[in-house]
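Numbering (the numbering used here), first residue to last: 17 to 716.
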Amino acid sequence: MASPADRKQEQREASKADDPAGGPLTTDQGVEVDHTDDSLAAGERGPTLMEDFHFREKLTRFDHERIPERVVHARGAGAYGYFEPYESCAEFTRAAFLQDPAVRTPVFVRFSTVQGPKGSADTVRDVRGFATKFYTSEGNYDLVGNNFPVFFIQDGVKFPDFVHAVKPEPHNDIPTGASAHDTLWDFVSLQPETLHAIMWLMSDRAIPRSYRMMQGFGVHTFRFVNADGKGTFVKFHWKPRLGVHSLVWDEAQECQGRDPDFNRRDLWDAIEAGEYPEWELGVQLVPEEDEFAFDFDLLDPTKIIPEEQVPVRPIGRMVLDRNPENFFAETEQVAFHTANVVPGIDFTNDPLLQARNFSYLDTQLIRLGGPNFSQLPVNRPVAPVRNNQRDGYHQSAIHSGTNYFPNSLGGGCPAHAGAGGSAYTHYAERVDGHKIRRRSPSFQDHYSQPAMFWNSMADWEKQHIVEAFRFELGKVGAMTVRARTVEHLAKVDGELAVRVARGVGVPAPSAAEAASKASSPALSLESLRGDGSIRTRQIAVLVTDGVDAEQITSVRERLAAEGAVVEALAATDGTITGSDGETYAVDRALPTVASVLYDAVLLPGGPVGTPPTAADPDAVRFVRDAYRHGKPVGALGSGVGVLSALEPEGLRLSTEFQRVVTDQGVVTDTSPGPASEEFLNAFCAVIAAHRHWGRGPVRR
């Protein structure tokens, strides 16, 4: 019997359209067409005739090509892959896909931004969606998460208000794909429950370097249920093998102009190159008897369980190894739903989760045109589907037999699954209480966890958060909103509030005791640098005529062997002539790119005493920007002179007496000839660290 992964691929193959190279052009009815450049007309200059059925069909199909975009998460990118558990999780859940390490479950993952429309840029400051559809043997399971572990509101009844506030303002539909505007911050300043998610939004987590370098979270507390009916609270975590890395805000803004598809292209190119992104699935497990053992409520989606209190237990890994063949048919039409669960996974009474369990299905009905969207290939389960749900828009199956239950004429089919078998059984939780519109007092602490997040940040992360608040609030016209927001920040941390107030022109609030002195090192990007690999890192090598060919060759070979992608950049496209007289291909021209598109830069040398790129303003700007953004920089031979000409404050460079020098993520070696092993090892090490903060300014 084929594995689930094979069955999903076979299913997709069966749904593919006929090969267009297999015969002549036809209409939708299969009638061959001999001409499609001109409409049928009464004479060469006469009116178009209504009897031209090919013209009418072609234009009608074009006029109806689009479906409504998602209200949120409209802009996305997706890929197929597989999930495999490390060992059986039967102690906690009966879910079949979490039992056997030998069984791979096919998945489709869609990454997205939240606020902007389909035409917005990838690198805006925003939450990122991380939604995974598992095509399990027991049916589809959707883990619909984000790259933040918390959300902005506690109850789904407020979701329309939050989305209306963060979306472009209704009078002018501005801004696109941005949160820096009055209505969002007015909402935030009036709803302190938003503060924890806002802290994440103001951090570098909101501008990921790559979808492949981004954490994912289930956000809510769910419930595992084992074969004996015992429940365990669970929170889901995706951790990328490449580490968690981000852009800085200045880079993110330039990326929007240089390459608005920066994250989408990165995911696609990596998979096409065979560099399959990988995440580890981890869970935080809380026994039911410990539900009230925390100083926050497990049902509150604005709270995390600190990993120091409940460690994340790795249970499996996911690999994305196949790009979609058609963006619309797959990435655009994929339909996720938090209520798509399988036996062994159940819900809790989290009020935001309960709202999502209604909202997602309701959304699919309007967006995909009716109830049969689950028959679309990307949404179709590999498990058999047997029920009496018939007809409706876009029904593609031809049913036979009876369509009601119970029946005798159809042999009683489809019959109920046997008790105690593989059927879904809801967790038997006692629920009682008065009907009220009131929130539990256990949801009322809105400041302690934002304070813990702030306390957990490295100094450079704190600086970026302050700068983000200053940028965002600086775009807000209403000074009352600015001041009200700063007042809430003062209840998180006095230093944070004072630094933000100073930048946005409102009075600094009175000193107040921090809401919490707790910290969680696991929240800092300093703790999430990855496995030390430099695979898929984009390295720019600046070249020009006369460049030392031995240096380029030695560096390119080593970096390529480590899995990095090396590109030679020059003033113009074409070729350059190396110091050996040979010609070398240029990958890209400097005016078409920028340092924000690369992870590191190398400056090879040229003729003795002649920095080969020092006279090129594009090259100088490239190096200066890479340096100030904390990126790894390597320089060899006379290439060290390019760095020296920038007069970087406090940076030690290679000298005649100290050949290889590593300082603040910059590796230099003034020696001529091929790069030494010492230089190559040091350069790879600083690339693996991703960023290097605390550098002084450059003078040019």
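Every residue gets a Cβ at the ideal spot worked out from N, C-alpha and C, and that includes glycine.
Your pair I555 and V582 checks out as a contact, with CB atoms roughly 5 Å apart and the cut at 8 Å. Under the three-state reduction of DSSP output, N373 falls in the helix class. Between G245 and V357, the alpha-carbon positions lie close to 16 Å from each other. For F99, no alpha helix (DSSP H) run applies; the uninterrupted beta strand (DSSP E) run containing it begins and ends at 92 to 101, by DSSP.
Assignment of F233 by DSSP, reduced to helix, strand and coil, places it in the strand class.
In this structure T43 touches H70 by the C-beta definition: roughly 6 Å separates them, less than 8 Å.
By the criterion of at least three beta-carbon pairs nearer than 8 Å, the region 387 to 403 is in contact with the region 338 to 355. Taking 8 Å as the cut-off, the Cβ atoms of F127 and L368 do not count as close.
The alpha carbon of D634 has as its nearest neighbour, out of A33, T496, T588, the alpha carbon of T588.
Restricting attention to alpha helix (DSSP H) runs no shorter than 4 residues, the region 478 to 526 encloses them at 495 to 508, 510 to 520, ordered along the chain.
The alpha-carbon separation between G597 and V563 amounts to approximately 10 Å. From the listed residues R333, L297, F308, the smallest Cα separation to P327 is found for L297. Contiguous beta strand (DSSP E) elements confined to the region 525 to 589 occur at 554 to 558, 581 to 586, taking only those with 3 or more residues. Beta-bridge pairing by DSSP links T671 to no other residue. Scanning its chain for C-beta atoms nearer than 6 Å, with the 5 sequence neighbours on each side dropped, one finds around A484 the residues M218, in chain order. Annotation: the continuous beta strand (DSSP E) that includes A147 extends over 144 to 152. In the pairwise beta carbon analysis, the region 209 to 227 is classified as touching the region 255 to 263: at least three pairs are separated by under 8 Å. Residue N279 holds the alpha-carbon nearest to the alpha-carbon of T139 among N279, S205, P184, Q325.
V49 counts as exposed, since fewer than 16 other C-beta atoms from the protein chains shown sit within 10 angstroms of its C-beta. Between R120 and F150, the CB-CB gap reaches or exceeds 8 Å.
Fully enclosed beta strand (DSSP E) runs of no fewer than 3 residues occupy 649 to 652, 676 to 679, 682 to 685 of the region 649 to 698, in order along the chain.
Here the alpha carbon of F343 sits roughly 23 Å from the alpha carbon of D378. When DSSP states are grouped into helix, strand and coil, N279 belongs to the helix group. Taking N419 as the centre and dropping the five residues before and after it, the same chain places the C-beta of N404, R406 closer than 7 Å to its C-beta, in chain order.
Nearest to H261 by C-alpha distance, out of Q272, Q231, R281, is Q231.
Here DSSP, grouped into helix, strand and coil, assigns Q300 to strand. Here the alpha carbons of F178 and P525 stand approximately 26 Å from one another.
Under the DSSP assignment, A635 falls in the alpha helix (DSSP H) whose first and last residues are 633 to 644. Across the structure, A243 and R644 are spaced so that their CA atoms are roughly 56 Å apart.
Bridge pairing for E323: absent [DSSP]. Nearest in C-alpha terms to V335, of all of I703, A531, G290, L56, is G290. Here the alpha carbon of P191 sits roughly 25 Å from the alpha carbon of H504. The beta-carbon separation of A93 and L283, rounded to 5 Å, stays under the 8 Å limit for a contact. Under the 10 Å beta carbon count, I452 is surrounded by fewer than 16 other beta carbons and is classified as exposed. Your pair W201 and V502 does not check out as a contact, with CB atoms roughly 11 Å apart and the cut at 8 Å.
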